[in-house]
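Taking it in order: structure first as structure tokens, then the write-up.
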Amino acid sequence: MTIDPVLRESATFDRRVIAEIQRAAETGIYDIRGWGAKRPLPHFDDLLFLGASMSRYPLEGYRERCDTDVVLGDRHAKYPLHLDIPITIAGMSFGALSGRAKEALGRGASEVGTSTTTGDGGMTPEERGQSKNLVYQYLPSRYGMNPVDLRKADAIEIVLGQGAKPGGGGMLLGQKITERVAAMRTLPQGVDQRSACRHPDWTGPDDLAIKIIELREITDWEKPIYVKVGATRTYYDVKLAVKAGADVVVVDGMQGGTAATQDVFIEHVGIPTLAAIPQAVQALQEMGLHRKVQLIVSGGIRSGADVAKAMALGADAVAIGTAALIALGDNSPRYAEEYRELGSAAGFYDDFQQGRDPAGITTQDPELAERLDPAAGGRRLANYLRVLTMEAQTLARACGKSHLRNLEPEDLVALTVEAAAMARVPLAGTTWIPGRL
């Protein structure tokens, strides 16, 4: 009798690794994609809330208030941002996104009383016109940067790093650099663009302090100044950003998305959002500035539970990017056949750098971009933001909290040793926090 051999896939050289080696050998170039890290990482799903019962007193359903407002940037700015909800839209550039997508983000954010952010490449009239609160990103590339637009903005975000690629610059391939994008960025049309990984006019926190003063003077000390860092050495980076004069610190974990960068960067650089938040909070607490300098957390926020857990760990607000694009319609099943033609599938498409997005969101192709109705996209985004807010309120009420900002680490436990150690909350059913005596 013949016995068929048992085929075993290597854990080290599995079929995905083999395919990547073969692709690299065939092409001689590294893989570029978007969408952020795909590897499993400790995340908010590894935490649970301890709802109130006997030892805690819950709030009753929708009849007892649970407020959601947040003030960002009241440390030094004359006009801090007053937002109705603590969920903001992260920076995504015109270039990576279509003009209609930027307009839709502005519409959706304004409908629910929150802010959106420009991203690299400058401010578009569509976004400024539809955004009640618009944060202007000041990046190493300086693409599209000018004092006029700085003064038009409601806040300024100095970007030192991004969660998907801390230590690296962004990419925008030539097929997305149209005449309009090229003019805004002062670049040749149709030529691949790579943003710098560091600012050209400073080398450390002392120089950053000078730059923050310059930006305040340009804007008459009116605008809040954010400093955004990719999550790596978070404890030290937050302390240095605050010392340099930041009103708000944005910490972006490695689950944060990106329009395009090297796959090896996305999967192997940075630390998870869950690990970054307690480090940032510790830094602020030691300086006596927690809640005085606000902390915005981004990177993998998907649900109201994620929002509530981030705030329980000490964040003042969160920012969403990938989830906002999905809400607008990216990776929609209605374009399943066209995703298949691109060699992908709805829900899996990540080659946004190619500019062939069937949903018309991450493209500069005029025919594809026409598919996105900014008003309809804005309504979808507003609906999604409302759901996130209501979910977060539901959890906060269950913990007996009348405001989302009153959530605290004491309301959380972890399901795994790794999550307990990173989030610095007890392993469920114990009082043990790994790494703590």
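Sequential numbering of the sequence shown, starting at 100, is according to this note's numbering. Quick reminder that beta carbons are idealized off the backbone N, C-alpha and C, glycines included.
| query | If you check the beta carbons only, do G369 and G428 fall under 8 Å apart? | reply | With respect to G428, G369 sits apart: the two C-beta atoms are not nearer than 8 Å.
| task | Determine the extent of the beta strand (DSSP E) in which E256 is found, giving its start and end residues. | result | 254-258 is the extent of the beta strand (DSSP E) around E256.
| request: Would you kindly report the start and end of the unbroken alpha helix (DSSP H) that includes T421? | output: T421 -> alpha helix (DSSP H) spans 421-427.
| query | Looking only at its own chain, which residues have a Cβ that is under 7 Å from the Cβ of T617, when we skip the five neighbours before and after it? | reply | Residue 617 lies beyond the range of the chain shown here (100 to 536); nothing can be said about it.
| request: Would you kindly check if the distance between the Cβ of L314 and the Cβ of D276 is under 8 Å? | output: Position check: residue 276 holds Ile in this sequence, whereas Asp was assumed. In this structure, L314 does not lie closer than 8 Å to I276 by Cβ.
| message | Taking 8 Å as the limit between beta carbons, can you name the residues of its chain near L182, skipping five residues before and five after? | response | The residues are D168, V169, V170, L171, G212, T213, S214, N232, A416.
| message | In chain order, what are the residue ranges of uninterrupted beta strand (DSSP E) at least 3 long that sit wholly in the region 242-296? | response | Runs of the beta strand (DSSP E) lying entirely within the region 242-296, each at least 3 residues long, are 254-258 in chain order.
| field | Spatial neighbours of D166 in its chain, beta-carbon cut-off 8 Å, leaving aside the 5 residues before and after | value | Annotation for D166: S501, H502, L503 place their beta carbon closer than 8 Å to its own, counting only its chain and skipping 5 residues before and after.
| task | Starting from the C-beta of I532, find all residues in its chain whose C-beta is less than 8 Å away, skip the five residues before and the five after it, and write them out in chain order. | result | So the qualifying residues of the chain are A519, A520, R523, V524, P525, L526.
| Which of helix, strand or coil does DSSP assign to D166? | Here D166 sits in strand by DSSP.
| For A203, which three-state DSSP category applies? | Residue state for A203 is assigned as helix, using DSSP reduced to three classes.
| field | Residue ranges of each alpha helix (DSSP H) within the region 333-391, 4 or longer | value | Fully enclosed alpha helix (DSSP H) runs of 4 or longer: 333-342, 362-367, 372-385.
| request: Mind reading off the beta-carbon distance from R199 to P473? Whole number of angstroms is fine, and I expect it under 8 Å. | output: Indeed, because the Cβ distance is near 5 Å, the residues count as touching under 8 Å.
| request: Note down the Cα distance separating L441 from L514, rounded to an integer number of angstroms. | output: Computed Cα separation, rounded: 39 Å.
| Residue range of the beta strand (DSSP E) that includes N232 | Where N232 is concerned, the enclosing beta strand (DSSP E) stretches over 232-237.
| task | Would you list the residues sitting across from H181 in a DSSP beta bridge? | result | For H181, which the question treats as bridged, DSSP gives the partners V170.
| task | May I ask which residues mark the beginning and end of the beta strand (DSSP E) holding T529? | result | Premise fails: T529 is in no beta strand (DSSP E) and is neither H nor E.
| Nearest CA to the CA of P377: which residue from L249, L511, D449, T302? | With distances taken between Cα atoms, P377 lies closest to L511.
| message | Let me check one thing: in DSSP terms, what residues is Q393 bridge-paired to? | response | Beta-bridge pairing links Q393 to V347.
| In terms of residue numbering, what span does the alpha helix (DSSP H) encompassing T217 cover? | Bounds of any alpha helix (DSSP H) do not take in T217, whose DSSP letter is neither H nor E.
| By the 10 Å Cβ neighbour count, where 16 or more other Cβ atoms means buried, how is E385 classified, buried or exposed? | Counting other Cβ atoms within 10 Å of its Cβ, E385 stays below 16 and is therefore classed as exposed.
| request: Could you please give the first and the last residue of the uninterrupted alpha helix (DSSP H) stretch that includes L484? | output: In the DSSP assignment, L484 falls within the unbroken alpha helix (DSSP H) covering 473-497.
| task | Answer yes or no: do F143 and K408 have a C-beta to C-beta separation smaller than 8 Å? | result | Yes; because the gap between Cβ atoms is below 8 Å, this pair is in contact.
| field | Buried versus exposed call for T530 [16 or more other C-beta atoms within 10 Å across all chains shown] | value | Counting Cβ neighbours within 10 Å, T530 comes out exposed, since fewer than 16 surround it.
| query | If we call anything under 8 Å between Cβ atoms a contact, is M410 one with P185? | reply | Inclusion of M410 and P185 in the CB contact set at 8 Å is warranted, their separation being smaller than that value.
| task | Note down, in chain order, each residue of its chain lying with its Cβ closer than 6 Å to the Cβ of D306, except the 5 sequence neighbours on either side. | result | Contacts found: none.
| task | Could you tell me whether the Cβ atoms of P239 and G268 are closer together than 8 Å? | result | Result yes, Cβ atoms of P239 and G268 sit closer than 8 Å.
| task | Check whether the region 420-438 touches the region 473-491, counting contact only when three or more Cβ pairs, one atom from each stretch, lie closer than 8 Å. | result | Output reads yes: the region 473-491 touches the region 420-438.
| message | Mapping the DSSP letters down to three states, classify F148 as helix, strand or coil. | response | Note: F148 maps to strand in three-state DSSP.
| request: Could you check what DSSP says for R123 in three-state terms: helix, strand or coil? | output: In the sequence on display, residue 123 carries Ala and not Arg. Residue state, collapsed to three classes: helix.
| DSSP three-state assignment for I128, whether helix, strand or coil | It is coil, neither helix nor strand.
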